[in-house]
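Asker: Quick one: the structure is below, questions incoming.
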Amino acid sequence: MKIEYFPEDLQEFLVPSPAGGLGYNCLKCGKIHPPKKLYYTCPDCGGLLLLEDAREDRLKERPGKFWRRLFDYRRMLNLQPLRGIFTFHEFLAPLIPVEDIVYLGEGHTPLVAAPEDLSREVGATLFIKHDGQNPSASFKDRGMAAALSYLKYIIRTQNLSDVLAVCASTGDTSAAAALYSAALGSQIKSAVLLPKGKVTLPQLSQPLGAGAKVFELPGVFDDCMKVVEYLSDHYEVALLNSKNPWRVLGQESYAYELAQQFDYELGDLALFVPVGNAGNITAIMSGLMKMKRYGVIETLPKIVAVQSSHADPVFRYYSQLESDRVYKPVTVRPSVAQAAMIGDPVSFPRVQKMVEEYNKAAEEGRFFAVQVREQAIMDNMIAVNRSGLTVCTQGGEGVAGVREALKLGILAHGDKAVVDSTAHALKFAEFQSAYFEDKLDEGYEVRAKAELVNRPVDISPAGVPLPAAGETQSPEDRAAYVSAAASDIANALGLKAR
Ligand code: F0G
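The sequence shown begins at 21 in our numbering and counts up by one.
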């Protein structure tokens with residue numbers, strides 16, 4: 021919509037100018053560093069960073085209704101940089117000029133209410149937010165759009181060149197990093213480190229296709245993460261893992277969008293988030309709390325971290341009594357929610373801080389962590405995919421989490437639950453195929469349930485000439501084959517002849 025068609029009182033605010041007092045806040049020593057350089061850790065003490073706006077009071081000066089109206093109207097503005105996560109520019113990364121925003125179509129992913137049958141079967145009023153419908157087919161594009169926009173901004177303003185972006189990944193961060201780096205053309209090259217054999221084929225093909233240098237390393241993600249941390253400590257590289265706090269900022273957009281999609285009424289919802297390196301859940305809680313501080317939402321939703329029993333350090337921490345909680349990394353076992361198969365999440369200190377603040381802001385315990393079995397992850401992924409929706413294995417983990425939360429009384433029957441389907445189902449289709457063939461390695465501890473299995477039926481009628489690629493059948497052979505094949509299919513389907 022053209023600017024002149026918007027309400028007059030909003031027109032001057034539709035296209036934001038750089039503002040705010042964003043700075044790196046060290047979670048360890050408490051120092052604040054100006055955002056002139058890309059830091060991943062505190063340059064003084066090595067602590068983990070979060071980007072915070074020291075001048076956020078300016079946002080509180082306007083009523084929540086102002087922001088709600090502005091963001092809702094801004095969705096109609098056809099200015100590409102503001103179509104995605106930067107619809108929420110003022111809350112997200114207000115220092116980045118609109119001209120530097122990298123937009124590849126990320127954000128504004130559909131929120132879909134589950135068909136009634138599925139909701140009834142699960143026992144909750146279920147919604148899926150399809151974050152697999154981002155450009156690289158996972159939620160990581162949200163964080164990458166923020167990180168690469170910031171990089172573009174400092175490359176331009178500081179005349180930087182030969183930037184090498186690196187990340188370690190379970191497959192989705194690397195796809196997003198390679199894609200967004202490629203969008204910056206010759207300004208930036210990218211390299212990704214993957215645990216060999218622990219990412220799916222589509223995930224491996226994504227960074228290769230985007231022209232990144234791909235390194236496959238032994239071990240699991242946690243081992244790759246250590247190597248990439250060493251690289252970023254000792255060499256001139258731009259780290260694109262969620263240790264990079266710009267990534268976390270971008271992923272806050274999930275919370276802003278969800279609020280918008282529920283008309284800013286989130287109090288009766290429970291959000292289910294599959295947790296791996298813990299960047300996403302950090303970002304979602306941070307975004308929700310910002311909206312509450314700025315009067316944009318009144319009540320914080322419940323938030324439920326979901327982990328597989330094969331990779332559950334966050335669940336284990338929160339299942340201990342509050343007084344004697346000790347954080348311990350775990351050694352992961354094979355998980356079908358492979359993208360979240362992480363034993364030592366980099367963002368764990370952020371989660372601790374956010375959970376404390378979240379429960380305080382909500383004035384009651386609104387954060388929960390649940391653990392689910394591998395079998396439940398696969399069964400739920402397949403059950404959802406048979407219902408008209410599509411989820412990846414991590415989405416299946418989220419739905420399994422809803423069932424677990426109902427069992428534990430975190431949710432009451434019929435309550436609203438929103439599952440973050442973090443990646444596209446097709447990225448993880450090989451787990452579905454292995455399930456259907458009942459061939460998942462023993463380590464996964466998953467066996468196919470007959471009622472969920474679906475396999476192709478081979479049609480190769482006996483006694484007639486079969487067609488073959490590159491050959492043309494005679495009309496008689498073709499007619500004989502067609503009627504025999506149709507008859508086999510009709511038998512298989514139990515069809516009645518006309
Ligand atoms: N779901 C998917 C599809 C993921 O790719 C990841 C993380 C998660 C959930 C967990 O999110 O790490 O923010 O807690 N994947 C990372 C990667 C680690 O390298 O792609 P998290």
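Ideal placement from N, C-alpha and C gives every residue a C-beta, glycine not left out.
Measuring alpha carbon to alpha carbon, tell me which residue in P55, C49, E72 is nearest C65.
Answerer: Minimum Cα distance to C65 is reached at C49.
Asker: Along the chain, where does the alpha helix (DSSP H) that runs through I509 open and close?
Answerer: 495–513
Asker: Is S210 closer than 7 Å to A197 when the C-beta atoms are compared?
Answerer: yes
Asker: What does a CB cutoff of less than 7 Å around E318 pick up in its chain, not counting 5 residues either side in sequence?
Answerer: The answer, listed in chain order, is G287.
Asker: Just verifying my parser: in three-state terms, what is the DSSP assignment at A357?
Answerer: DSSP, reduced to helix, strand and coil, places A357 outside both helices and strands of the structure shown, so it counts as coil.
Asker: What is the residue span of the beta strand (DSSP E) that N45 lies within?
Answerer: DSSP places N45 in the uninterrupted beta strand (DSSP E) bounded by 42–46.
Asker: Counting C-beta neighbours from all protein chains within 10 Å, is the total for L278 16 or more, i.e. buried, or is it exposed?
Answerer: Buried.
Asker: For P27, which three-state DSSP category applies?
Answerer: coil
Asker: Give me the residue from I402, G125, L308 with the minimum Cα distance to R475.
Answerer: I402
Asker: Which same chain residues end up closer than 7 Å to W87 when comparing Cβ atoms and leaving out the 5 residues on each side of it in sequence?
Answerer: Y314, V316
Asker: Among F108, E28, T302, which has the Cα closest to the Cα of P365?
Answerer: In terms of Cα proximity to P365, the closest of F108, E28, T302 is T302.
Asker: Could you check where the beta strand (DSSP E) with L214 kicks off and where it finishes?
Answerer: 208–215
Asker: With DSSP collapsed to three states, give me the class of A329.
Answerer: According to the sequence provided, residue 329 is Ser. The question's Ala does not apply to it. The three-state secondary structure of S329, taken from DSSP, is coil.
Asker: Going by the DSSP bridge assignment, what does T145 pair with across the sheet?
Answerer: K436
Asker: Helix, strand or coil for S441, going by three-state DSSP, please let me know.
Answerer: strand
Asker: When DSSP labels each residue in this structure, what does F387 get in the three-state scheme?
Answerer: strand
Asker: As an exercise, report each continuous alpha helix (DSSP H) stretch of at least 4 residues that is fully enclosed by the region 90–128, in chain order.
Answerer: 109–112
Asker: Using the three-state DSSP reduction, which class does D73 fall into: helix, strand or coil?
Answerer: strand
Asker: Does E16 come out as helix, strand or coil in the three-state DSSP assignment?
Answerer: Since the first residue of the chain shown is 21 and the last is 518, residue 16 is not available in this structure.
Asker: With distances taken between CB atoms, is the gap from L224 to V248 smaller than 7 Å?
Answerer: no
Asker: Would you check if there are 3 or more beta carbon pairs closer than 8 Å linking the region 427–435 to the region 489–503?
Answerer: no
Asker: Under the DSSP definition of a beta bridge, which residues are partnered with S158?
Answerer: A443
Asker: Which class does K218 belong to by DSSP, given the choice of helix, strand or coil?
Answerer: coil
Asker: May I have a chain-ordered list of the beta strand (DSSP E) segments no shorter than 3 residues that lie completely inside the region 215–289?
Answerer: The region 215–289 contains these whole beta strand (DSSP E) runs: 233–237.
Asker: For a test of your reading of the model: does the CB of A167 fall under 6 Å from any non-hydrogen atom of ligand 1? Yes or no.
Answerer: no
Asker: Do you know how far the Cα of P55 is from the Cα of Q414?
Answerer: 33 Å
Asker: State the Cα-Cα distance for the pair A39 and E72, rounded to the nearest angstrom.
Answerer: 13 Å
Asker: Beta carbon of D478: closer than 6 Å to some heavy atom of ligand 1?
Answerer: Relative to ligand 1, the beta carbon of D478 is positioned no closer than 6 Å to any heavy atom.
Asker: Is it right to say N511 is buried, meaning 16 or more other beta carbons lie within 10 angstroms of its own, or is it exposed?
Answerer: exposed
Asker: May I have a chain-ordered list of the beta strand (DSSP E) segments no shorter than 3 residues that lie completely inside the region 397–424?
Answerer: Runs of the beta strand (DSSP E) lying entirely within the region 397–424 and spanning at least 3 residues: none are present.
Asker: CB of D137 to nearest heavy atom of ligand 1: below 6 Å?
Answerer: no
Asker: What separation, rounded to the nearest whole angstrom, lies between the Cα atoms of E136 and D283?
Answerer: Approximately 22 Å between the Cα atoms of the pair.
Asker: So does T413 have its beta carbon nearer than 6 Å to some heavy atom of ligand 1?
Answerer: no
Asker: Do Y123 and L168 have their C-beta atoms within less than 7 Å of each other?
Answerer: no
Asker: Near K521, which residues of its chain fall below 6 Å by C-beta distance, leaving aside the five closest residues on each side in sequence?
Answerer: Since the first residue shown for the chain is 21 and the last is 518, residue 521 is missing from the structure and cannot be characterised.
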